[in-house]
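Asks: Below is the structure I would like to discuss, written out as structure tokens.
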């Protein structure tokens, strides 16, 4: 009987399943509570919120707190950003102490306050600096270094095939590419064709992951089957919907959509999310920073505004938990489509 070849994607020595699903690093979203929920629902790799190198070496509380990772999350990557070599190397030394499986460099954030310092997508205007910075960081650590970036600074400066090759040549172990330029920010549609060109470059041998506009199982399958990428990194579609990973994998395995997530399961996830957030960052921040998820947790329920307002305006967790109980009671017969 012929042996079935199992395709394994590797980041350094980290073995992942065929076409892994990665939780994208998202500011104020991909914290330990949310990463835990996504991991339970099938995320193959999770990433921290991005961490400022300058904030970390100044020992800024918010930056340092983002280094918290837990065994149940593995494999987990810590993402850092910056444009100063000395600061980035010191950051590598600090990050190593948290023992992540991966260190990811953010060369893609389009936000003005990051870009104005030459970091994030700002470095796309200086590919030589991008290359030399990455080379020195790879030399500094034995932890696999990966990169997340965009197609280019603007439509006229897309050199992503060359950029990916140069970064691979200085030692990165995987690259995730968002299918927009910095000039596009998050507008328009992500273009995956240049990402496929990176993957199809015969000199490329590291995993090439796509990112941008994967908002349904069908789109994930398109990225896999039509564009031939090695995996996908998913961001906004997971906010308030940690089940997205499970939904995609079910679709891959069966060709069918997973039955809708029940109200009971949604309320239970929202409760756990809030409680874990409070346990990790305290009552005030825990309540505040979980608010962005509630609209999606309960998306589709008619006449829901009154209850959503309670969830996103209450400053005390007991009131939010009470709102969850009310939702279960009032909408007990509601069936999600």
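In our numbering, the protein residues as written are -4 to 332.
Yeah, the Cβ is synthetic: ideal placement off N, Cα and C, and Gly gets one too.
With a threshold of 16 other CB atoms inside 10 Å of the CB of residue -3, please say whether the residue is buried or exposed.
Replies: Within the chain shown, numbered from 1, the residue matching residue -3 stands at position 2. Only weak support exists for where residue -3 lies, its pLDDT of 49 falling under 50; the coordinates are left without a value.
Asks: Taking C-alpha atoms, which residue in 240, 220, 5 lies nearest to residue 34?
Replies: Taking the first residue of the chain shown as 1, we reach residue 34 at position 39. The option with the nearest alpha carbon to residue 34 is 240.
Asks: Taking the beta carbon of residue 8 as the centre, do at least 16 other beta carbons fall within 10 Å, making it buried, or is it exposed?
Replies: Counted from its first residue, the chain shown places residue 8 at position 13. Residue 8 is exposed by the Cβ-count criterion.
Asks: Throw me the rounded Cβ distance for the residue 290 and residue 235 pair, which I believe falls under 8 Å.
Replies: Start at 1 with the first residue of the chain shown, and residue 290 comes out as number 295. Start at 1 with the first residue of the chain shown, and residue 235 comes out as number 240. Going by Cβ atoms, the distance from residue 290 to residue 235 rounds to 6 Å, so yes, they are a contact pair.
Asks: Find the nearest neighbour of residue 100 within the set 119, 200, 108, judged by alpha-carbon distance.
Replies: For this step, residue 100 is matched to residue 105 along the chain shown. The option with the nearest alpha carbon to residue 100 is 119.
Asks: Name the two residues that bound the continuous alpha helix (DSSP H) containing residue 32.
Replies: Locating residue 32 in the chain shown gives position 37, counting from the first residue. Unbroken alpha helix (DSSP H) run through residue 32: 27 to 35.
Asks: CA-CA distance, residue 224 and residue 329?
Replies: The sequence position of residue 224 within the chain shown is 229, counting from 1. The sequence position of residue 329 within the chain shown is 334, counting from 1. So the two alpha carbons sit approximately 39 Å from each other.
Asks: Examine the Cβ distances between the stretch 237 to 255 and the stretch 48 to 64 and report whether three or more of them are shorter than 8 Å.
Replies: Short answer: they don't touch.
Asks: Residue ranges of each beta strand (DSSP E) run of no fewer than 3 residues wholly in the stretch 2 to 86, ordered along the chain?
Replies: Fully enclosed beta strand (DSSP E) runs of 3 or longer: 4 to 6, 9 to 11, 16 to 18, 40 to 42, 71 to 76.
Asks: Measuring alpha carbon to alpha carbon, tell me which of 288, 167, 157 ends up nearest residue 130.
Replies: Numbered from 1 along the chain shown, position 135 holds the residue referred to as residue 130. Comparing Cα positions, the closest option is 167.
Asks: On the CB-based measure, 16 or more other CB atoms within 10 Å of its CB, does residue 0 come out buried or exposed?
Replies: The residue labelled residue 0 in the question sits at position 5 within the chain shown. Because the pLDDT of residue 0 is 48, which lies under 50, any placement of that residue in the model is unreliable, and the number read from its coordinates should be weighed accordingly. Residue 0 should be labelled exposed.
Asks: List the whole-angstrom C-beta distance separating residue 334 from residue 199, where the pair is believed to meet the contact cut-off of C-beta under 8 Å.
Replies: In the structure as shown, the chain begins at -4 and stops at 332. Residue 334 is therefore absent and cannot be evaluated.
Asks: Which whole-angstrom value describes the C-beta separation of residue 174 and residue 146, a residue pair presumed to lie in contact below a C-beta threshold of 8 Å?
Replies: Along the chain shown, one-based indexing puts residue 174 at 179. Along the chain shown, one-based indexing puts residue 146 at 151. Right, their Cβ atoms sit about 6 Å apart.
Asks: Report the rounded CA-to-CA distance for residue 12 versus residue 36, giving the unit in angstroms.
Replies: Taking the chain shown and counting its residues from 1, the one referred to as residue 12 is at position 17. Taking the chain shown and counting its residues from 1, the one referred to as residue 36 is at position 41. The straight-line gap from Cα to Cα measures roughly 15 Å.
Asks: Quick check: the Cα distance between residue 144 and residue 97, rounded to an integer number of angstroms?
Replies: Residue numbering aside, residue 144 sits at position 149 when the chain shown is read from its first letter. Residue numbering aside, residue 97 sits at position 102 when the chain shown is read from its first letter. Each residue's alpha carbon lies about 16 Å from the other.
Asks: Leaving out the 5 sequence neighbours to the left and right, which residues in its chain are closer than 7 Å to residue 233 when beta-carbon positions are compared?
Replies: Your numbering for residue 233 matches position 238 in the chain shown. For residue 233, where only same-chain residues beyond five positions count, the Cβ hits under 7 Å are 18, 33, 239.
Asks: Give the single residue among 305, 45, 258 whose Cα lies nearest to the Cα of residue 295.
Replies: Taking the chain shown and counting its residues from 1, one reaches residue 295 at position 300. When each option's Cα is compared against that of residue 295, the closest is 258.
Asks: Give the single residue among 105, 29, 75, 269 whose Cα lies nearest to the Cα of residue 141.
Replies: Along the chain shown, one-based indexing puts residue 141 at 146. Answer by Cα proximity: 75.
Asks: May I ask you to report which of helix, strand or coil DSSP gives residue 266?
Replies: Locating residue 266 in the chain shown gives position 271, where the first residue counts as 1. It is helical.
Asks: Going by DSSP, what residues sit across from residue 205 in a beta bridge?
Replies: Sequence index remark: in the chain shown, residue 205 carries index 210 (1-based). Partner(s): 172, 227.
Asks: Report back the beta-carbon spacing between residue 297 and residue 252 to the nearest angstrom; my notes put them in contact at under 8 Å.
Replies: The count along the chain shown starts at 1 and reaches residue 297 at position 302. The count along the chain shown starts at 1 and reaches residue 252 at position 257. 22 Å between Cβ atoms; not a contact.
Asks: Please return the same chain residues whose Cβ sits closer than 7 Å to the Cβ of residue 337, not counting the five positions on each side in sequence.
Replies: Not covered by the structure: residue 337. The range shown for the chain is -4 to 332.
Asks: CA-CA distance, residue 59 and residue 164?
Replies: Your numbering for residue 59 matches position 64 in the chain shown. Your numbering for residue 164 matches position 169 in the chain shown. Going from the Cα of residue 59 to the Cα of residue 164 covers about 31 Å.
Asks: Note down, in chain order, each residue of its chain lying with its Cβ closer than 6 Å to the Cβ of residue 45, except the 5 sequence neighbours on either side.
Replies: In the chain shown, residue 45 corresponds to position 50, counting from 1. Excluding sequence neighbours, residue 45 sits near 20, 74, 76, 101.
Asks: Who are the near neighbours of residue 326 in its chain, counting only those whose CB is closer than 7 Å to its CB and skipping five residues on each side?
Replies: In the chain shown, the residue the question calls residue 326 occupies position 331. The residues are 258, 296.
Asks: Measuring straight from C-alpha to C-alpha, what distance separates residue 272 and residue 285?
Replies: Here residue 272 refers to the residue found at position 277 of the chain shown. Here residue 285 refers to the residue found at position 290 of the chain shown. Cα to Cα, the separation comes out at about 7 Å.
Asks: Run through DSSP, which three-state label would residue 196 get?
Replies: Locating residue 196 in the chain shown gives position 201, counting from the first residue. Coil, per DSSP.
Asks: For the putative contact between residue 246 and residue 216, defined by C-beta atoms under 8 Å, what is the C-beta separation to the nearest angstrom?
Replies: By 1-based counting over the chain shown, the position of residue 246 is 251. By 1-based counting over the chain shown, the position of residue 216 is 221. The pair is a contact, with the Cβ atoms about 7 Å apart (cut-off 8 Å).
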